[in-house]
Every structure is written in structure tokens, then in C-alpha cells.
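Notes follow the structure.
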Amino acid sequence: MASLILQLQDYRLTTAEILYHMPDHPTLLQTFLWQEYDRAPEFPELLRFLKFWAREIDGKLHSVRVGHKKLITPEDISYCRTEYLIN
Numbered sequence: 061m062a063s064l065i066l067q068l069q070d071y072r073l074t075t076a077e078i079l080y081h082m083p084d085h086p087t088l089l090q091t092f093l094w095q096e097y098d099r100a101p102e103f104p105e106l107l108r109f110l111k112f113w114a115r116e117i118d119g120k121l122h123s124v125r126v127g128h129k130k131l132i133t134p135e136d137i138s139y140c141r142t143e144y145l146i147n
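Residues in the sequence shown are numbered consecutively from 61, following the working numbering.
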């Protein structure tokens, strides 16, 4: 139910592909996928997570690619003009 409330407040399902340097082998890149409901285009949840990463995680960030999708849109709601009941 909490995700529905967030979607009604214009939060969107956001996925971030984070490339970072491995701490033991800095020339190698590793991928981390992050997914959460966030508000575009500011992305406060993602920015909070990236600040945490930079402060607490040893792997230096290389790049972040972000995608987001609004899951509930006005086109999803339609009215039914006729209803048929079959016994």
C-alpha cells in the first residue's frame, strides 16, 4: 500500500545502473543496480544513496545511468459502459 501512496504523490519507479571501481582492482569496473521509488527530475532518494556511497563505500563511483517510469497514468483508468454477467 505504501508504494501506491508514493505513486499517487508522483513518485516513479527509478532504476540506476551504478558503475564503480573495485577497491582491490581499481582498473576494473563493477555494476550495481539500485531501484526505488523516487521523484523525477530531482531524484532525492538516489542522491541520498549516492552521498551515502561516496561517504561509506570504498568503491569509487565511475558513472550512474538513470531510468524512470511513471507506473500509474491517466490512461490506465477507463470507464466501462456495459457490463455482462454470465452465470
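Cβ atoms here follow ideal geometry from the backbone N, Cα and C, with glycine treated the same way.
Owing to the predicted nature of the structure, the values given are computational and were not obtained by experimental measurement.
{"Item": "Which listed residue (TYR80, GLU143, TYR71, PHE112) has its alpha carbon closest to that of PHE103", "Value": "TYR71"}
{"Item": "For LEU93 and THR75, the rounded distance between their alpha carbons", "Value": "7 Å"}
{"Item": "Sheet register partners of PHE92 (DSSP bridge)", "Value": "ILE78"}
{"Item": "GLY127 beta carbon less than 9 Å from that of GLN90", "Value": "no"}
{"Item": "Within-9 Å CB hit, PRO104 to chain C", "Value": "Of the chains in the structure shown, none is chain C; there is only one protein chain."}
{"Item": "Integer Cβ distance of GLU105 from GLU96, believed to fall under 8 Å", "Value": "5 Å"}
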